[in-house]
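In what follows, a single structure is set out as structure tokens and then discussed.
4 protein chains.
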Amino acid sequence: MGFTPRNPDFEAVVRENYARHTFMHHIGAELGEVTPGHCALHLKPRPDLSQQNGFVHGGVIATLADVAGGLAAFSLFEAGADILTVEIKINYLAPAAGEEIIARGEVVKSGRTLTIVRSEVFAIKGGVETICAAGQGSLMTRKP
Amino acid sequence: MGFTPRNPDFEAVVRENYARHTFMHHIGAELGEVTPGHCALHLKPRPDLSQQNGFVHGGVIATLADVAGGLAAFSLFEAGADILTVEIKINYLAPAAGEEIIARGEVVKSGRTLTIVRSEVFAIKGGVETICAAGQGSLMTRKP
Amino acid sequence: MGFTPRNPDFEAVVRENYARHTFMHHIGAELGEVTPGHCALHLKPRPDLSQQNGFVHGGVIATLADVAGGLAAFSLFEAGADILTVEIKINYLAPAAGEEIIARGEVVKSGRTLTIVRSEVFAIKGGVETICAAGQGSLMTRKP
Amino acid sequence: MGFTPRNPDFEAVVRENYARHTFMHHIGAELGEVTPGHCALHLKPRPDLSQQNGFVHGGVIATLADVAGGLAAFSLFEAGADILTVEIKINYLAPAAGEEIIARGEVVKSGRTLTIVRSEVFAIKGGVETICAAGQGSLMTRKP
Chain A
251 MGFTPRNPDF
261 EAVVRENYAR
271 HTFMHHIGAE
281 LGEVTPGHCA
291 LHLKPRPDLS
301 QQNGFVHGGV
311 IATLADVAGG
321 LAAFSLFEAG
331 ADILTVEIKI
341 NYLAPAAGEE
351 IIARGEVVKS
361 GRTLTIVRSE
371 VFAIKGGVET
381 ICAAGQGSLM
391 TRKP
Chain B
251 MGFTPRNPDF
261 EAVVRENYAR
271 HTFMHHIGAE
281 LGEVTPGHCA
291 LHLKPRPDLS
301 QQNGFVHGGV
311 IATLADVAGG
321 LAAFSLFEAG
331 ADILTVEIKI
341 NYLAPAAGEE
351 IIARGEVVKS
361 GRTLTIVRSE
371 VFAIKGGVET
381 ICAAGQGSLM
391 TRKP
Chain C
251 MGFTPRNPDF
261 EAVVRENYAR
271 HTFMHHIGAE
281 LGEVTPGHCA
291 LHLKPRPDLS
301 QQNGFVHGGV
311 IATLADVAGG
321 LAAFSLFEAG
331 ADILTVEIKI
341 NYLAPAAGEE
351 IIARGEVVKS
361 GRTLTIVRSE
371 VFAIKGGVET
381 ICAAGQGSLM
391 TRKP
Chain D
251 MGFTPRNPDF
261 EAVVRENYAR
271 HTFMHHIGAE
281 LGEVTPGHCA
291 LHLKPRPDLS
301 QQNGFVHGGV
311 IATLADVAGG
321 LAAFSLFEAG
331 ADILTVEIKI
341 NYLAPAAGEE
351 IIARGEVVKS
361 GRTLTIVRSE
371 VFAIKGGVET
381 ICAAGQGSLM
391 TRKP
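Chains as they are written, first to last, in the working numbering: chain A, 251 to 394; chain B, 251 to 394; chain C, 251 to 394; chain D, 251 to 394.
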């Protein structure tokens, strides 16, 4: 879907917001492409991000799904507004392992108060991309 | 609710499982009380676990809710079974900050294949406990 | 949890709201007890409310969970406010059949804009109550 | 996405399953197109399907989202298998009103035990289609 940003500086604002998420840096996630209503995150699996069987932890996957969706929403907010996640639901589809994890968030509907997003998380292993999680959530605008 | 564990060694098995979640150690979470169908996790907020405004990151909160619920479910599994999270939904109720974060998971229904859990995450600030998230999810048994 | 209603006439307002849900009458659901932050609905299973195997349809169960939670939330709204469901997630725990279905909604947190609720749906068969669904959702206040 | 049905008679099996949902007939919903991993439902709004403000009731919308997603999943099941909804989450995006409501379900991943689906519900008013709900859920195969 094509969205028109309310703030022409949307990309700078999304990147500045992301820079303040110390937890994203702690897990080594990197902000990728940001376009109006869309956002991608990248992560290299590491041994200290694992669950009991050595796959990337569900909490890491949920974090990526939440932030990818959240920043997709945030890219459509007006200048000066802040954002908070109201809720998110994640379905885990496959164990996450490989060279890289990519999360892609996109806006389903951008409303005045609430924005609904979907996100998908993919694992790339041997160059093959497999979907490992799907999320759907809502975010709230905090007006400036 | 009172549950009868299928495995008398449930607590040791839960603690052994938790010990393998490298990500939980990475964020400094500690496993607290484990009783049949219940599990508590504790975390001290740290600067490197924050979102854009300095509160504990939603991804950390989601991780705690997921694992507290998951281990509550796992405490009722038969010996030798493994567990995977099917899905979880988290509602964020308040920003998380304070001396300590506590997540409590409990089983709603323990079925043959699927177990349904609820979890709640609380922030303790100045000794006052505030609920900051509520989760509901399902987990699957992988038979031995 | 004990809640203090913002509107002393909360019960009359909830009952008036419910009376306008033509769909609830269409399925034969009845509003039961209403207290601050809580609401119960009752339904007698009928052959025309079934899914493919003769159990009460999941859509009926979801409707009861949504409305029980919604009216629990609405009971704490200020006079003149309207309500809309933002989202709801339902886990189905057991097939629903028996003499009666009861849905109970309760508020987890009543905020200025959003209220978070949980609801549970029970089937009573031969006098025995079995939980058949658990829901968690959020509702929005439309200020007068 | 393109899916290969496990049962060449998938469409007949989906239509036979749907015919037994008495509740779907009670609300006047009709099964539309069924292709592998996809399913559409159609409903004409009626006065007896309303919520408190005269829009199509959220419970009707949830029912359509659940069944459209469920039958999309079921279209990929092997011959003789039965289906049950594990859980579904619905975000409501806009009030539903107009000449017709259309729900479209599609499979995200078809696994051995669990199938993950997404569904969208649209209202058509004056010929214009507006998305009014988005769902994401999981369904379980009951082997023959």
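Cβ atoms here follow ideal geometry from the backbone N, Cα and C, with glycine treated the same way.
Quick check: the Cα distance between residue i and residue j, rounded to an integer number of angstroms?
i, j, result
"Ala373 (chain D)", "Ile333 (chain C)", "20 Å"
"Arg256 (chain A)", "Leu314 (chain A)", "24 Å"
"Ala322 (chain A)", "Gln301 (chain A)", "27 Å"
"Ala346 (chain D)", "Leu364 (chain B)", "34 Å"
"His292 (chain B)", "Val317 (chain D)", "40 Å"
"Lys375 (chain A)", "Lys294 (chain A)", "11 Å"
"Leu326 (chain A)", "Gly309 (chain B)", "22 Å"
"Ser360 (chain C)", "Arg392 (chain A)", "18 Å"
"Thr272 (chain D)", "Phe305 (chain C)", "10 Å"
"Pro394 (chain A)", "Gly278 (chain B)", "34 Å"
"Arg296 (chain A)", "Glu280 (chain A)", "14 Å"
"Pro324 (chain C)", "Asn267 (chain C)", "It should be pointed out that residue 324 (chain C) corresponds to Phe in this sequence rather than to Pro. Roughly 9 Å between the two C-alpha positions."
"Ile340 (chain A)", "Thr380 (chain D)", "25 Å"
"Glu350 (chain B)", "Phe253 (chain B)", "28 Å"
"Gly348 (chain A)", "Val264 (chain C)", "53 Å"
"Ile311 (chain C)", "Ala290 (chain C)", "13 Å"
"Arg362 (chain B)", "Arg362 (chain D)", "16 Å"
"Glu328 (chain B)", "Glu328 (chain D)", "29 Å"
"Glu283 (chain B)", "Val284 (chain D)", "50 Å"
"Met390 (chain A)", "Met390 (chain B)", "32 Å"
So which residues of chain C does residue i contact, with C-beta pairs closer than 9 Å?
i, result
"Arg270 (chain D)", "Ser300, Gln301, Gln302, Asn303, Gly304"
Grouping DSSP H, G and I as helix and E and B as strand, with all else coil, what is residue i?
i, result
"Thr254 (chain C)", "coil"
"Gly355 (chain C)", "strand"
"Glu230 (chain D)", "The question about residue 230 (chain D) has no answer here: the residues shown for chain D are numbered 251 through 394."
"Leu314 (chain C)", "helix"
"Arg265 (chain B)", "helix"
"Gly385 (chain A)", "strand"
"Leu326 (chain D)", "coil"
"His307 (chain D)", "coil"
"Gly320 (chain D)", "helix"
"Thr363 (chain C)", "coil"
What residues from chain C crowd round residue i, counting only those whose CB sits closer than 8 Å?
i, result
"Val358 (chain A)", "Residues of chain C passing the Cβ test: none, with the nearest at roughly 12 Å."
Starting from the beta carbon of residue i, find every residue of chain E whose beta carbon is closer than 7 Å, and list them in chain order.
i, result
"Asn341 (chain B)", "Of the chains in the structure shown, none is chain E; the protein chains are A, B, C and D."
Using only alpha-carbon positions, find the residue among the options that is nearest to residue i.
i, options, result
"Gly338 (chain C)", "D:Gly361, D:Val336, D:Tyr342", "For the record, residue 338 (chain C) in the displayed sequence is Ile; it is not Gly. Nearest option by C-alpha distance: D:Tyr342."
"Asp396 (chain D)", "D:Val310, D:Ile352, D:Pro286, D:Asn303", "Missing from the structure shown is residue 396 (chain D); chain D here goes from 251 to 394 and no further."
"Met274 (chain A)", "A:Ala384, A:Ala353, A:Ala383", "A:Ala353"
"Ala262 (chain C)", "C:Gly252, C:Gly330, C:His276", "C:Gly330"
"Asn303 (chain B)", "A:Ile311, A:Arg270, A:Asn303, A:Ala312", "A:Arg270"
"His276 (chain D)", "D:Gly282, D:Asp298, D:Ala290", "D:Asp298"
"Cys382 (chain B)", "B:Arg362, B:Ala344, B:Gly348, B:Met390", "B:Ala344"
Quick one: list the residues of chain A neighbouring residue i, beta-carbon separation under 9 Å, in chain order.
i, result
"Ile351 (chain D)", "Going along chain A, no residue has its Cβ under 9 Å from Ile351 (chain D), so there is no contact; the nearest lies around 17 Å."
Taking residue i as the query, report the chain A residues whose CB atoms sit under 8 Å from its CB, ordered along the chain.
i, result
"Ile311 (chain D)", "Near Ile311 (chain D) there are no residues of chain A at all, since even the closest Cβ is about 14 Å away, more than 8 Å."
"Asp316 (chain B)", "Gly308, Gly309, Ala312"
Report the CB separation of residue i from residue j in whole angstroms; it is logged as a contact under 8 Å.
i, j, result
"Val367 (chain D)", "Val357 (chain D)", "5 Å"
"Val336 (chain D)", "Ser369 (chain D)", "Not a contact, Cβ separation roughly 14 Å."
"His288 (chain C)", "Gly355 (chain C)", "7 Å"
"Gly385 (chain D)", "Gly319 (chain D)", "6 Å"
Applying a beta-carbon distance threshold of less than 7 Å, which residues of chain D neighbour residue i?
i, result
"Glu337 (chain B)", "Glu337, Ser388"
"Pro297 (chain C)", "Thr272"
So which residues on chain D does residue i lean against when the C-beta distance must stay under 8 Å?
i, result
"Ile381 (chain A)", "Val358, Lys359"
Could you list which residues in chain C have their beta carbon closer than 7 Å to that of residue i, in chain order?
i, result
"Asn267 (chain D)", "Gln302"
Name, please, each residue of chain B whose Cβ falls closer than 7 Å to the Cβ of residue i.
i, result
"His288 (chain A)", "Chain B residues near His288 (chain A): none, gap ~19 Å exceeds 7 Å."
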